[in-house]
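Contents: one structure, followed by commentary.
In this note's numbering, the protein residues as written are 50 to 446.
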């Protein structure tokens, strides 16, 4: 064999050796990044994580058989990945293989008892099996870690309704709505519970509220990558977007700030209701930036700031500043005495504070009158639950 052929053979063998070792080394590197790392399908470093990525995508798209294939393959390669086990548990659940789902979720919860997603999924498995007591125990355990976890309250309402306890289901759902009043699906489910409970008037009221929210969401501008997601400094955003508009018209600039505040408020609500463990820092950022934008809208157009006052009131409620929220709702009413929403929200807040029930009663009756409801009848029906949002023992008849 010539020296050239020998050299060429050695080069090829060396290349093959490096090729065999490279995925293993890269896989070890990816594993140290933790289960939350999302491998890129275009990167050579994603070779080991590729099955899990494909499985997660298939799970999100509802292709459960495909998801199971890829997630099982990934689990064989990385059996200690707890996130992967939770994905497997959910996949088994969607395929109706409850025993397999329980094995995965039980393992995760044995190691991480406060794993919110695993506990929520296990409660759903128990519900499918008809073990409502175990499902409710899991949900209440999750709520003990995070009393504001809307998905847990929502699932608890479903479990209670499945047992025929519609009163408890409505009470649990009322708590969910107190944390997420702008989620149309919650109102639609509430309408179903009322209908099952024989209260058609309250069911219609909840269904109407769902339609109002859906109509509102259609006109709220959706954020996009071009919006920079408000990740840059506030001063940069204002200099890049607001200043030219402000020079053109204070009213137009006010409208811009109001719309941006609405988008941030919508993002806050979405994150709060779609994530079992939402990032507190991100939630705080959304609220803080939205309140600053609402305040700027008020400052630019004080006489046309009715909607901005109502929005800022809701933001202050979310930050548990009741006095500021009531003040904002009062300002909105001063600008427009026919603003039913401002009366409604101020009345609810006064009712929750239980310091001025007479004024709360007046505000709520005024809101119902402005919305065209027969207030003298609605307050004697189950529909009043949607107005008190949790207040108990107050006779408004």
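Note that the Cβ used here is the ideal one computed from N, Cα and C, for glycine as well.
Item: Segment limits, alpha helix (DSSP H) that includes residue 319; Value: 299-323
Item: Where residue 130 falls: helix, strand or coil (DSSP); Value: coil
Item: Residue 173 burial status per 10 Å Cβ neighbour count (16 or more: buried); Value: buried
Item: Neighbourhood of residue 378 by C-beta distance below 6 Å, restricted to the same chain and skipping five residues each side; Value: 362, 391, 394 and 395
Item: Burial state of residue 145, where buried means 16 or more other Cβ atoms lie within 10 Å; Value: exposed
Item: Length of the line joining the Cα atoms of residue 365 and residue 336; Value: 9 Å
Item: C-beta contact flag for residue 131 and residue 108 at 8 Å; Value: no
Item: Residue range of the unbroken alpha helix (DSSP H) whose run includes residue 221; Value: 215-228
Item: Inter-stretch contact (C-beta, 8 Å, three-pair minimum) for the stretch 196-205 and the stretch 318-328; Value: yes
Item: Sub-8 Å separation of residue 142 and residue 101 beta-carbons; Value: no
Item: C-alpha gap between residue 350 and residue 170, whole angstroms; Value: 48 Å
Item: Beta-carbon proximity check, residue 261 vs residue 225, cutoff 8 Å; Value: no
Item: Heavy atom of the ligand PLP within 7 Å of residue 190 beta-carbon; Value: Absence of the ligand PLP from the depicted structure is noted, as is the absence of any ligand whatsoever, leaving it without description.
Item: Residue 229 versus 315, 151 and 156, residue with shortest Cα-Cα distance; Value: 315
Item: Closest residue to residue 136 among 175, 117 and 256 (Cα-Cα distance); Value: 117
Item: Pairwise C-alpha distance: residue 421 and residue 231; Value: 21 Å
Item: Secondary structure of residue 161, DSSP reduced to three states; Value: coil
Item: Any chain B beta carbon closer than 8 Å to residue 349; Value: This model lacks chain B altogether, as it is built from one protein chain only.
Item: Identity of the residue in 248, 247, 257 and 249 nearest residue 237 by Cα; Value: 257
Item: Residue 286 versus residue 399 - alpha carbon distance; Value: Only weak support is given to the placement of residue 286: the predicted model assigns it a pLDDT of 35, under 50, and the value that follows is read from those uncertain coordinates. Each residue's alpha carbon lies about 37 Å from the other.
Item: Residue 247 to residue 208 span [Cα, whole Å]; Value: 19 Å
Item: Contact belief for residue 240 with residue 259 at Cβ below 8 Å, rounded distance in angstroms; Value: 7 Å
Item: Residue of 105, 111 and 306 minimising C-alpha distance to residue 119; Value: 105
Item: Coarse secondary structure for residue 363, derived from DSSP in three states; Value: helix
Item: Three-state secondary structure assigned by DSSP to residue 112; Value: coil
Item: First and last residue of the uninterrupted alpha helix (DSSP H) at residue 203; Value: 199-211
Item: Alpha carbon of residue 342 to alpha carbon of residue 163, nearest angstrom; Value: 36 Å
Item: Neighbourhood of residue 347 by C-beta distance below 6 Å, restricted to the same chain and skipping five residues each side; Value: 354 and 357
Item: Delimiting residues of the alpha helix (DSSP H) encompassing residue 351; Value: Note, residue 351: premise wrong, no alpha helix (DSSP H); not H, not E.
Item: Pairwise C-alpha distance: residue 154 and residue 371; Value: 40 Å
Item: Sequence-distant residues of the same chain with beta carbon closer than 7 Å to residue 345, five excluded per side; Value: 306
Item: Beta-carbon separation (whole angstroms), residue 389 vs residue 416, contact threshold 8 Å; Value: 5 Å
Item: Contacts around residue 313, its chain only, beta-carbon distance under 6 Å, and the 5 residues preceding and following it disregarded; Value: 335, 338 and 339
Item: Supposed close pair residue 184, residue 175 - CB separation, criterion 8 Å; Value: 4 Å
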